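Taking it in order: structure first as structure tokens, then the write-up.
In UniProt numbering, the protein residues as written are 1 to 432.
Below you can see the structure in the form of structure tokens.
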């Protein structure tokens, strides 16, 4: 009993600081979310396929932060609309990041095993939006009207904010924490399954690129036989960058190219279609050989670009998954400890109110790392605009000062006698 009273006293002393920490940690997330939305909507270079899913997840982060900023404002009035709204926001939008991480993993799976291109993946966005926001919305809205004579209302005062009351905790765990961890497990399984494939393709692509750069390995009969995999590359205008042209052959290859990627043993033939083909040439002259080398060089750069894009996507999804684990392990451990022992642990409470509000901030960091080049270009443009504005202000100030000095000088002269008329006036001799 003494231990319980001591725990209650320590918790009551800590809770005000937890509310302050909760609100403070929500501010960076809101700033990061505003950065994501503003840049994605206004700057085309930020509109990459992977950033599109982060953009969708940002709205869930904002709604979660709104609920976290409410903190204990309605905790002591559990039947009020404010308390019910806060609980609804948590139930609907708090687990959204876990579902979007699963959506990213599904995209990876569809790309590697079902050959989905960017157009097909874009069509999946509607399904993801319904699953990530629509499905949690149904129970979250239903819980507002759930009440029991013995347990009371389902939504009410929890430990730190309004959510599922302790008497209904099993329902809260089953409808929020279980789906979140099911999504995390499935996401992890997809990455484990696809990880070996990704590494295999990367090794094959690196070997293929080294073969392309070796002139002695080129077979001028139109094919390059290597023990590797085929590489399938599809481009999206908002994601791929045009390859720098190196002669007419490169220009034609930029307009139409098809590099196939599939895995398997044995030798593969990698062919490149373009206006200048590596046709069946028995004795190529130097000019044709240079043209063929140019085509192969363009193909190598296309494969390198595709390789870089694939690894960029894989790294982003991995970072997003790590941020998800950092966000959900502490609150899940705290919730399970409270469910088993009947009370929470102060260190876990502190970590929970620190990491949960930072979901949007973590996503903004991943978004910035993914679009680092676009961020540098944006910053350079802002600095150039500020410098131009400052120069214009200085020039305008100098013009105004010069104009004012001219007006002041003209006012100090006697009427009718300016400096020029005085100098041009004839000198008259004095009368005696």
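Don't be surprised by glycine CBs; every beta carbon is placed ideally from N, CA and C.
Computed from a prediction, not measured in an experiment: that's the story for all the values here.
Item: Residue 14 (DSSP reduced to helix, strand or coil); Value: helix
Item: Minimum C-alpha distance to residue 333 - residue among 320, 314, 355 and 315; Value: 355
Item: Rounded separation between residue 186 and residue 323 - CA only; Value: 16 angstroms
Item: Neighbourhood of residue 433 by C-beta distance below 7 angstroms, restricted to the same chain and skipping five residues each side; Value: In the structure displayed, the chain extends from 1 to 432; residue 433 sits before or after that span and is not available.
Item: Environment of residue 195 [buried if 16+ CB atoms lie within 10 Å]; Value: exposed
Item: Which of helix, strand or coil DSSP assigns to residue 164; Value: strand
Item: Three-state class that DSSP yields for residue 148 in the structure shown; Value: strand
Item: Whole-Å CB distance - residue 87 paired with residue 163, under 8 angstroms assumed; Value: 5 angstroms
Item: Test item: CB-CB of residue 101 and residue 183 under 8 angstroms; Value: yes
Item: Distance CB(residue 54)-CB(residue 33) smaller than 8 angstroms; Value: no
Item: Cβ separation of residue 433 and residue 95, assumed to be a contact under 8 angstroms, to the nearest whole Å; Value: As shown, the chain starts at 1 and ends at 432. That puts residue 433 outside it, with no answer to give.
Item: Nearest-angstrom Cα separation, counted from residue 125 out to residue 362; Value: 22 angstroms
Item: Residue 48, buried or exposed, once every other Cβ within 10 Å from all chains shown has been counted against 16; Value: buried
Item: Buried or exposed by the 16-neighbour rule on C-beta atoms within 10 Å, applied to residue 97; Value: buried
Item: Exposed unless 16 or more other CB atoms sit within 10 angstroms - verdict on residue 330; Value: buried
Item: Residue 35 versus residue 321 - alpha carbon distance; Value: 21 angstroms
Item: Range of the contiguous alpha helix (DSSP H) that encloses residue 172; Value: 169-172
Item: Own chain, CB closer than 7 angstroms to residue 357, minus 5 neighbours either side, in chain order; Value: 22, 25, 26, 29, 65 and 68
Item: Among 316, 375 and 20, the one whose alpha carbon lies nearest that of residue 38; Value: 375
Item: Backbone secondary structure at residue 116 - three-state DSSP; Value: coil
Item: Same chain, Cβ closer than 7 angstroms to residue 143, neighbours up to 5 away in sequence not counted; Value: 91, 154 and 155
Item: Terminal residues of the alpha helix (DSSP H) in which residue 367 lies; Value: 359-370
Item: Contacts around residue 141, its chain only, beta-carbon distance under 6 angstroms, and the 5 residues preceding and following it disregarded; Value: none
Item: Distance between beta carbons of residue 43 and residue 378, contact taken as under 8 angstroms; Value: 6 angstroms
Item: Proximity to residue 199 [Cα-Cα], best of 161, 112 and 128; Value: 112
Item: Beta-bridge partners of residue 155, as assigned by DSSP; Value: 164
Item: Outcome for residue 103 when other beta-carbon atoms lying within 10 angstroms are tallied against a minimum of 16; Value: buried
Item: Nearest-angstrom beta carbon gap, residue 157 and residue 75 [assumed within contact, 8 angstroms]; Value: 5 angstroms
Item: Contact set for residue 463: own chain, Cβ-Cβ below 7 angstroms, skip 5 residues either direction; Value: Residue 463 is absent from the structure shown; the chain starts at 1 and stops at 432.
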